[in-house]
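In UniProt numbering, the protein residues as written are 1 to 407. Ideal placement from N, C-alpha and C gives every residue a C-beta, glycine not left out. Since the model is a prediction, treat every value here as computed from it, not as a measurement.
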């Protein structure tokens, strides 16, 4: 049987819409009347033409970078300021988008808007491209007639998040390189260099000192059981990911991340900055406070903190403020509590939240730099210890051999 799209009003007079399978439009009308609804419009559901996303395997898995979304948002804001209609804006931006998957999404937005959907509803059909905060802020812009301002704030928010992520990656780039070089150097020495000296020592049958005996033992394990070692490491990583994919496992790991010395405070500051910035932008854009809290709490990439922040929704529904539940959560720093309390009192909650976000972004940047500064000498010392151990393991027996030759 065919499918029909309908619009109807319920007993309260609220306009509702949906789809229904029936033999004829009259059957849909009868069924709606039986349900207590008054039919407004009934039409055959249009079969959506497949997009590139559905037909092209390469395009389907093509990654859309944050920078592409930022540029798209910034350009859309500029065109809105010029008074250009949304469909014309999307048509113009489609030609400028190079990413084929993103181009298909923009094309689909045009189709949905042409069919009567609002921009926020059309974007909500692509949650893997447009996150909740994006959709909620667009909806607030549509409702309040401030799309230009909302789009500019969205672009600023996404740029700030991208800038923070880039700084984190840059801070840990050098330690990662040093660690990678260490691993490759050890593997090369164990595979190519150490066997030559071990064969030499075994041929001469010199008594091996303790460091050399340890090196021989490690080399034997490396050669005989390297495949088992790789399988154990790969299996451990796989099991860890499976475990942390469960709700219980993820919560346990998120709790541990908050307790790790040095790393825990950095993670907490980063999460608080993200929560405050998203919450502040949503409030500034006119999104209702309950919806703002719901979206902001889910943005935080730590389930323990997210659960604590979600409890704020119950507090607001009961007519209470935000500051006291934040204080009672046990996780939120006192600075955030004080700034939120000041914002509630002064009526400038959005401004205070954005100040909190700026402060914790700066603190997080300083903490990451300090952590990176601590890691670099530790890795250098570790590399020095490794080189010293290898040197002693190889040259001590050679020293003994030279003394035997002089006798």
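- In this chain, residue 41 is not harboured by any alpha helix (DSSP H); it is covered by the beta strand (DSSP E) spanning 38-44.
- Under the three-state reduction of DSSP output, residue 104 falls in the helix class.
- Residue range 210-245 is occupied by the alpha helix (DSSP H) that includes residue 223.
- Within the segment 101-154, the complete alpha helix (DSSP H) segments of 4 residues or longer fall at 119-124, 132-144, listed in chain order.
- In this chain, the alpha helix (DSSP H) harbouring residue 338 covers 334-346.
- Assignment of residue 16 by DSSP, reduced to helix, strand and coil, places it in the strand class.
- Comparing C-alpha distances from residue 347 to each of 369, 335, 321 shows the shortest one belongs to 321.
- Under DSSP, residue 8 shares a beta bridge with 16, 39.
- In the DSSP assignment, residue 280 falls within the alpha helix (DSSP H) that extends over 263-284.
- Put simply, the backbone Cα of residue 323 is about 5 Å away from that of residue 341.
- The segment 353-372 makes contact with the segment 164-182: 3 or more CB pairs, one atom from each, lie closer than 8 Å.
- Using a C-beta cut-off of 8 Å, the segment 30-38 makes no contact with the segment 63-72, since fewer than three inter-stretch Cβ pairs fall below that distance.
- Of the residues 147, 136, 169, 288, the one whose Cα lies closest to the Cα of residue 84 is 147.
- Annotation: the continuous alpha helix (DSSP H) that includes residue 74 extends over 66-81.
- Counting only residues of its own chain and dropping the five nearest sequence neighbours on each side, residue 247 has a CB closer than 8 Å to the CB of 303.
- Between the segment 192-203 and the segment 373-387, the count of Cβ pairs shorter than 8 Å is below three; the stretches do not touch.
- Setting aside the 5 residues that flank it on each side, residue 118 is surrounded in the same chain by 142, each with a C-beta closer than 7 Å to its C-beta; the list follows chain order.
- Excluding its 5 nearest sequence neighbours in each direction, residue 112 has C-beta neighbours in its own chain below 8 Å: 121, 122, 125, listed in chain order.
- The distance from the Cβ of residue 305 to that of residue 270 is about 10 Å, inconsistent with a contact at the 8 Å cut-off.
- DSSP places residue 314 inside the alpha helix (DSSP H), whose first and last residues are 303-317.
- One thing to note: residue 76 has its Cβ no nearer than 9 Å to the Cβ of residue 282.
- Residue 157 is not a Cβ neighbour of residue 276, given a cutoff of 9 Å.
- According to the DSSP assignment, residue 22 belongs to no alpha helix (DSSP H), since it is labelled neither H nor E.
- Between residue 368 and residue 266, the C-beta gap is smaller than 9 Å, which places the two residues in contact.
- Distances from the CA of residue 184 to each of 391, 399, 383, 44 were compared; the closest alpha carbon is that of 383.
- In terms of CA proximity to residue 357, 160 leads the group 86, 89, 160.
- Using a Cβ distance threshold of 9 Å, residue 133 and residue 296 count as a contacting pair.
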